[in-house]
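Undergrad:
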Amino acid sequence: MPSPNLPTSLLLNGREFSYDALRQTPDPHASLNGYEARVLELLRQWLLGAQEFGQRTSGSTGDPQLIVLTRRQLAASAARTGDYFDLGPGDRALVCLNCEYIGGKMMLVRGLERNMHLTVVEPHADPFAEVATEAEFDFAAFVPMQLSAMLAAGRAPRLNKMRAILVGGAGVAPSLLHQIEQLSVPVYLTYGMTETASHIALRRLNGPDASPHYRGLPGLHLGQDERGCLTVRGDVTDDQLIVTNDRIELLDKHTFDWLGRVDFVVNSGGVKVQAEKVEQVLDVALAEVGESRRAFVAGRPDERLGQAVTAYIEGTSLPDEVAAQVLALLRTRLGQYEVPRALVYVPAFETTASGKLDRAATLRAAEAGALPPG
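Going by UniProt numbering, the sequence shown opens with residue 1, and the numbers climb by one from there.
#1: So is Leu-251 buried or exposed if we call it buried at 16+ other beta carbons inside 10 Å?
#2: Does the segment 171-179 come within contact of the segment 122-139, defined as at least 3 CB pairs closer than 8 Å?
#3: Output the distance between the C-alpha atoms of Gly-228 and Asp-246, rounded to the nearest integer angstrom.
#4: Would you mind listing the beta strand (DSSP E) stretches within the segment 162-194 that are 3+ residues and don't spill past its ends, in chain order?
#5: Rounded to whole angstroms, what is the Cα-Cα separation between Ser-31 and Ala-75?
#6: For the alpha helix (DSSP H) containing Pro-212, list its first residue and its last residue.
#7: If you follow the alpha helix (DSSP H) that Gly-111 is in, where does it begin and where does it stop?
#8: With the cut-off set at 8 Å, would you say Phe-139 and Asp-91 are in Cβ contact?
#9: Let me know the secondary structure DSSP gives Arg-300 once reduced to three states.
#10: Within 10 Å of its beta-carbon, does Arg-294 have 16 or more other beta-carbons around it, so buried, or fewer, so exposed?
#11: Can you name the start and end residues of the beta strand (DSSP E) that Phe-53 belongs to?
#12: Could you tell me the alpha carbon to alpha carbon distance between Ala-370 and Phe-349, rounded to whole angstroms?
#13: Can you name the residues that DSSP bridges to Lys-356?
#14: Considering only the alpha carbon of each residue, which of Glu-279, Val-271, Leu-259 lies closest to Arg-359?
#15: Going by the CB atoms, is the gap between Ile-102 and Ser-198 shorter than 8 Å?
#16: Smallest Cα separation from Tyr-84: which of Cys-96, Arg-110, Lys-105?
#17: Is it a yes or a no for the segment 165-173 touching the segment 214-234, going by three-plus beta-carbon pairs under 8 Å?
#18: Taking buried to mean at least 16 other C-beta atoms within 10 Å of its own C-beta, is Pro-2 buried or exposed?
#19: May I ask you to report which of helix, strand or coil DSSP gives Thr-316?
#20: Assign Ser-77 to buried or exposed, taking buried as 16 or more other Cβ atoms, counted over all protein chains shown, within 10 Å of its Cβ.
#21: Need the endpoints of the beta strand (DSSP E) that Ala-141 sits in, please.
#22: Please report how far the alpha carbon of Ser-317 lies from the alpha carbon of Val-266, in whole angstroms.
#23: Let me make sure I understand the geometry here. Which of Pro-123, Thr-119, Gly-34 has the alpha-carbon closest to that of Pro-7?
#24: Taking only the alpha-carbon atoms, compute the straight-line gap between Leu-222 and Leu-230 and give it to the nearest angstrom.
#25: State the CB to CB distance for the pair Ala-285 and Leu-357, rounded to an integer number of angstroms; the pair is presumed to be in contact (CB under 8 Å).
#26: What residues in its chain sit with their C-beta under 6 Å from that of Asp-283, if we drop five residues either side in the sequence?
#27: Could you give the distance in angstroms between the alpha-carbon of Pro-157 and the alpha-carbon of Val-121?
#28: Report the rounded CA-to-CA distance for Ser-268 versus Tyr-337, giving the unit in angstroms.
#29: My output table needs one value for Leu-286: the three-state DSSP class, helix, strand or coil.
#30: From the DSSP output, which residues share a beta bridge with Trp-258?
#31: Could you check where the alpha helix (DSSP H) with Arg-72 kicks off and where it finishes?
#32: Can you tell which of Thr-81, Pro-301, Val-344, Ala-308 has its C-alpha closest to the C-alpha of Gly-315?
#33: State yes or no: is the C-beta of Tyr-188 within less than 8 Å of the C-beta of Trp-258?
#34: Determine the extent of the alpha helix (DSSP H) in which Tyr-337 is found, giving its start and end residues.
#35: For Ile-200, count the other beta carbons within 10 Å of its own beta carbon; 16 or more makes it buried, fewer makes it exposed. Which is it?
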C-alpha cells in the first residue's frame, strides 16, 4: 500500500490523472488538448525512467536551439531546489509555467522527485483564476507578469499562505518589486538557463533576508572567464563547464552581482555601455513619472558614433514634457555616455514563444515601423 503522504495522481486543468495509468499509456483519457497531451507525455517519460530529454532554449538572446538534458541533470537540479526549500512528501506545488520550457518542466520534475502534490494549469496571466478558490499551495514559480496580475487581482492573502515563491524569466520592474516587498511569503528571483536545468542561483527580494546579490546553490562551482562572464560547473551541467555571456562581479565563490549580457554592450564612440544597467535606471525613471511600461536599451546605427545608445519604449509616444522629465532623471543618474540619445516608441514589443522579450525581432520591427524618435 502506498504511503498516505505520497501522491498517486496529479491535477491537470482540473482533471485528475493517475500515475499508474500514465505508466501504461500515453493517453489515459480522451479529449486532451495539445498542451495537456504534451504534459502527460513528459510525465509518462519520466515515470518510465527515460534518461534523456530534448529541450528548446527560450530564444530570448538568440535563435532557439534544441539541446539534450540528462535525467541526472534534471534530478540533480530538483534535489538542490528541494533541499534548499525543504520540499517533501505531501507538499503542494502549483505548476503554471509553460512545461515545454525548462522552468515549467523542472516544476514537474521537482514534484515527482520530492513526492509533492502537483496541480498543473496551462499558462495564464492569473493562475489562481484557474484553480479552486479553496486550493492552497506551498510552492510555486511565476513569471513577473503572472505575479503582477495576481497582486492586481487581490491575491496577496493566498500568496502569503505559501512557503516560498520563485520568480524568473524576465526582470522585475520597480513597481512590482515594491509590491513584492509588502508580501510576507519569501520571494526569490532566480538566475539560470536551459543549459543548467533551470536556476543555479537565487536572490531574496523581500523580508529581513532580502539581498542585492545572487547566491549560488550549494555544491556548484562558479567562476569567471577572461571577459568577466560567469562560468558554472556541477552535476546540473553534467559536470561540463558552461560558459555564459553574462557579465558578473564575483563577490566570493558563492555570491555574485549580475551586470548584464556581454552581447548587450553598446559601443558608442569607443565607449562601452552596458545596456541592462541603463535599462534598470530607465525602468525606475518611467515609474517615477507614472509611466510603468516596458522598455529596453540597444545601440542604433549612427554614422558618427558607430552606435548610439537608444531607449526603445513600448506604446504610444510620451508627452514632450514627460519625455523631458525622463531624460532629466537619466542625466542625473547615469554617466555622460550612458544617457540615451533618443527615445524610440514601438507600438508592441515582440516576444518569444516562452513570453520573453525578443530584442532582435523588436528592433527589426522598430526600424520598419516605429513611431518617430523623441
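Think of the CB as a built atom: it goes at the ideal place given N, C-alpha and C, for glycine as much as any other residue.
In this text the structure is predicted, and so the values were computed from the model without any measurement.
TA: So, to answer that:
#1: In this structure Leu-251 is exposed. Its beta-carbon is surrounded by fewer than 16 other beta-carbon atoms within 10 angstroms.
#2: With the cut-off at 8 Å, the segment 171-179 and the segment 122-139 do not touch.
#3: Rounded to the nearest whole angstrom, the C-alpha separation of Gly-228 and Asp-246 is 8 Å.
#4: For the segment 162-194, whole beta strand (DSSP E) runs of length 3 or above, ordered along the chain, are 164-167, 187-193.
#5: Distance between the alpha carbons of Ser-31 and Ala-75 is about 31 Å.
#6: Neither: Pro-212 is in no alpha helix (DSSP H) and is coded neither H nor E.
#7: Its alpha helix (DSSP H) spans residues 102-113.
#8: Taking 8 Å as the Cβ cut-off, Phe-139 and Asp-91 qualify as a contacting pair.
#9: Strand.
#10: Arg-294 comes out buried.
#11: 52-56 is the span of the beta strand (DSSP E), which, as asked, contains Phe-53.
#12: Residue placement at Ala-370 is flagged as unreliable, the pLDDT there being 47, under the threshold of 50; the coordinate-derived value follows with that caveat. Computed Cα separation, rounded: 11 Å.
#13: According to DSSP, Lys-356 bridges with nothing at all.
#14: Comparing Cα positions, the closest option is Glu-279.
#15: Yes, they are a contact pair.
#16: Looking at the Cα atoms, Arg-110 is the closest of the given residues.
#17: The segment 165-173 vs the segment 214-234: no contact.
#18: Confidence is the limiting factor: at Pro-2 the pLDDT is only 46, short of 50, which leaves the residue's position unreliable, though a coordinate-based value still follows. Classification of Pro-2: exposed, given that the 10 Å Cβ count is below 16.
#19: Note: Thr-316 maps to coil in three-state DSSP.
#20: Buried, by the Cβ-count rule.
#21: Where Ala-141 is concerned, the enclosing beta strand (DSSP E) stretches over 139-142.
#22: If I take the Cα positions, the gap works out to 24 Å.
#23: If we check each option's Cα against that of Pro-7, Thr-119 comes out closest.
#24: Here the alpha carbon of Leu-222 sits roughly 7 Å from the alpha carbon of Leu-230.
#25: Contact annotation, Ala-285 with Leu-357: C-beta distance approximately 19 Å; criterion of less than 8 Å not satisfied.
#26: By the criterion of a C-beta distance shorter than 6 Å, Asp-283 is surrounded in its chain by Ala-173, Pro-174, once the five residues flanking it on both sides are discounted.
#27: One C-alpha to the other measures close to 20 Å.
#28: Separation of Ser-268 and Tyr-337 (C-alpha to C-alpha, rounded to the nearest whole angstrom) is 8 Å.
#29: Here Leu-286 sits in helix by DSSP.
#30: Ile-248, per the DSSP bridge assignment.
#31: The continuous alpha helix (DSSP H) containing Arg-72 extends over residues 71-85.
#32: Minimum Cα distance to Gly-315 is reached at Val-344.
#33: The answer is no: Cβ separation not under 8 Å.
#34: From DSSP, Tyr-337 is part of no alpha helix (DSSP H); its letter is neither H nor E.
#35: By the neighbour-count rule (16 or more Cβ atoms within 10 Å), Ile-200 is buried.
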